[in-house]
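Visitor: Just so we're aligned, residue 58 is where the sequence shown starts under the numbering used here, counting upward by one. Can you keep this structure in mind? I'll have questions shortly.
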Amino acid sequence: MGNVRMFSVFKIAGAYIAYVIGSGFATGQEIVHFFTVYGLESTTGIIVSGILFGFTGGFMISDGVQKGSSGILRIYSDYCGIFIGFLFNMVVPLLLFGSVVIMLAGSAATFEEYFGLEYETGALVMALSVYISYLLGFRKIVSIMGVFGPVVIMFTVIVGLITFINSGSIGLVSGCEEAASGIVPPADTALGSALLYVSYNISTAAVFFRSLGESGISKKEAWTGSFLGAGLLVLSLFSVNLALLSKGNEIAELSIPTLHLAREISPILGTLFSIILLIEIYSTAVPMMWSVCSRISPEGSMSAMITGAVFISIAIICSFTPFEELIGVIYPYEGRIGLVFLICLLGSKLKTLITGFISRVMWYN
């Protein structure tokens, strides 16, 4: 593979996966709202989202290789222009804050539903873990994420496939009829929902992805890692979505559908999955917190400690809203805002491609 180092590729892919698979994905709530609710049509949305994840991640990580840290604070202006970029610099920290709130609520729901801890106690335990890890700095955060991302993918694929095999095609057909019960879809079609799903993820991940490109990797490694991460995400989405469709009549009232599926297979697998779920929520919330707080205070400073403490304290208070309500309200709105960024990103890359082509034609002439 030339100068492509597989260690770097797996590090990028693992960090990519860990960022996207937060409490919403790993618990199944995100998959239910953005895909399962559309029945078998959801498979089209999953394929489209995988392709977009590969390209958008590759664009931003490889740009980080080229521009380094000097381009991090200008990332939205680079793709969207000065005015829209300025608006995104104001809005995205709020979106990231909302996502961290969802992470804390997801962990609280997991602690309460499986370990019997009070909701508030579960949120506090996760918040303290996130805060301490934020203080360790970016490189330690990436190392943690690179390990945990693939582990969560493995567990979700195992749970999804076993559940689907046990339910069979009959369960899938009957479950599709129940999957949309009581859930308001974020868009009219599965394709529209897939666009929203990708856009809300990549718009809030822009600063983190650009920073990944700084870690001594090549552009080939950035692109390979991005598509490997996207491919593994699609594999997990497919398996869990099929499982949720086959159990559509059971998932409507559950805060953590994937944990329910794991416990049905085996109590031991349920216990392991609950621990993995908490680890993944943690490994997603940390870089999101870093993405906001690093804009305000330099890493490792006293002001960073204070900024982080204020951030996480407010997030704890906001996380007391029920987890599934937060997912249904915050993520679709994040998707609509992020859709503007997705259009800007793809538009800017298309413009660069066309400009480069014209320049080559003129040079040859």
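Each residue gets a CB set at the ideal place from its N, CA and C atoms; glycine is no exception.
Take the Cβ of Arg267 as the centre, count every other Cβ of all protein chains shown within 10 Å, and call the residue buried at 16 or more, exposed below.
Guide: The residue labelled residue 267 in the question sits at position 210 within the sequence shown. Buried: at least 16 other Cβ atoms inside 10 Å.
Visitor: Nearest to Thr341 by alpha carbon, out of Leu152, Thr100, Val216 and Val187?
Guide: Sequence index remark: in the sequence shown, residue 341 carries index 284 (1-based). Selected option, being the one with the closest Cα: Val187.
Visitor: Can you give me the start and stop residues for the alpha helix (DSSP H) that Gly457 sits inside?
Guide: What the structure shows of the chain is the stretch from 58 to 422, and residue 457 is not part of that stretch, so it cannot be assessed.
Visitor: Quick one, which of Asp120, Ser156 and Leu192 has its alpha-carbon nearest Met359's?
Guide: Along the sequence shown, read from residue 1 onward, the residue named residue 359 stands at position 302. With distances taken between Cα atoms, Met359 lies closest to Leu192.
Visitor: Is it right to say Thr412 is buried, meaning 16 or more other beta carbons lie within 10 angstroms of its own, or is it exposed?
Guide: Locating residue 412 in the sequence shown gives position 355, counting from the first residue. Result: exposed.
Visitor: My parser needs the beta strand (DSSP E) runs of 3 or more residues fully inside the segment 171-214; what are they?
Guide: For the segment 171-214, not a single whole beta strand (DSSP E) run of length 3 or above is found.
Visitor: Quick check on DSSP: helix, strand or coil for Asp135?
Guide: Here residue 135 refers to the residue found at position 78 when the sequence shown is read from its first residue. The answer is helix: DSSP assigns Asp135 an H, G or I state.
Visitor: How big is the Cα-Cα spacing for Ala263 and Leu402?
Guide: Residue 263 sits at position 206 when you count from the first residue of the sequence shown. Residue 402 sits at position 345 when you count from the first residue of the sequence shown. Going from the Cα of Ala263 to the Cα of Leu402 covers about 10 Å.
Visitor: Return the CA-CA distance between Ala372 and Ser303, expressed in angstroms with no decimal places.
Guide: As a position in the sequence shown, residue 372 is number 315, starting the count at 1. As a position in the sequence shown, residue 303 is number 246, starting the count at 1. Approximately 35 Å between the Cα atoms of the pair.
Visitor: Tell me the DSSP secondary structure of Thr246 in three-state form.
Guide: One-based indexing of the sequence shown puts residue 246 at position 189. DSSP, reduced to helix, strand and coil, places Thr246 outside both helices and strands of the structure shown, so it counts as coil.
Visitor: Can you give the Cα-Cα distance for Phe295 and Cys137, rounded to whole angstroms?
Guide: Taking the sequence shown and counting its residues from 1, the one referred to as residue 295 is at position 238. Taking the sequence shown and counting its residues from 1, the one referred to as residue 137 is at position 80. Approximately 32 Å between the Cα atoms of the pair.
Visitor: Between the Cα of Cys350 and those of Val149, Val66, Ala162 and Leu301, spot the shortest distance and give me the residue it belongs to.
Guide: Counting from 1 along the sequence shown, the entry for residue 350 is found at position 293. The residue with the shortest Cα to Cα distance from Cys350 is Val149.
Visitor: Leu318 and Val216 look like a contact to me (Cβ under 8 Å); what is the Cβ gap, rounded to whole Å?
Guide: For the purposes of this step, residue 318 is identified with residue 261 of the sequence shown, where counting begins at 1. For the purposes of this step, residue 216 is identified with residue 159 of the sequence shown, where counting begins at 1. So it is a contact: roughly 5 Å between Cβ atoms.
Visitor: Would Gly232 be called buried (16 or more neighbouring beta carbons within 10 Å of its own) or exposed?
Guide: One-based indexing of the sequence shown puts residue 232 at position 175. Annotation note: pLDDT 46 at Gly232 (below 50); position unreliable, no value reported.
Visitor: If you reduce the DSSP assignment to three classes, tell me which class Val230 lands in.
Guide: What you label residue 230 is simply residue 173 of the sequence shown in a count that begins at 1. At Val230, the pLDDT of 45 sits below 50, so the modelled position is not reliable and the matter cannot be decided from this model.
Visitor: Can you tell which of Met362, Arg62 and Glu87 has the C-alpha that lies nearest to the C-alpha of Ser293?
Guide: Here residue 293 corresponds to residue number 236 of the sequence shown, with the count starting at 1. If we check each option's Cα against that of Ser293, Glu87 comes out closest.
Visitor: Let me make sure I understand the geometry here. Which of Leu290, Leu301, Phe330 and Ile325 has the alpha-carbon closest to that of Ile222?
Guide: Position 165 of the sequence shown, counting from 1, holds the residue named residue 222. Distance from the Cα of Ile222 is smallest, within the candidate group Leu290, Leu301, Phe330 and Ile325, for Leu301.
Visitor: Report the residue from Gly327, Ser99 and Ser275 whose alpha carbon sits nearest the alpha carbon of Asn60.
Guide: Here residue 60 corresponds to residue number 3 of the sequence shown, with the count starting at 1. Nearest C-alpha to Asn60: Ser275.
Visitor: Quick one: what does DSSP say Ile415 is sitting in, helix, strand or coil?
Guide: The residue you call residue 415 lines up with position 358 of the sequence shown. DSSP places Ile415 in helix when its eight states are reduced to three.
Visitor: To the nearest whole angstrom, what separates the beta carbons of Tyr76 and Phe195, a pair I think is in contact under 8 Å?
Guide: The residue you call residue 76 lines up with position 19 of the sequence shown. The residue you call residue 195 lines up with position 138 of the sequence shown. Not really, about 13 Å apart at Cβ, beyond 8 Å.
Visitor: Would DSSP call Pro355 helix, strand or coil?
Guide: The count along the sequence shown starts at 1 and reaches residue 355 at position 298. Three-state result, Pro355: coil.
Visitor: Mind checking whether Gly179 and Ser164 have CB atoms under 8 Å apart?
Guide: Here residue 179 refers to the residue found at position 122 when the sequence shown is read from its first residue. Here residue 164 refers to the residue found at position 107 when the sequence shown is read from its first residue. Result yes, Cβ atoms of Gly179 and Ser164 sit closer than 8 Å.
Visitor: Exposed or buried, which one is Asp245 when buried takes at least 16 other CB atoms within 10 Å?
Guide: If you number the sequence shown from 1, residue 245 lands on position 188. Exposed: under 16 other Cβ atoms inside 10 Å.
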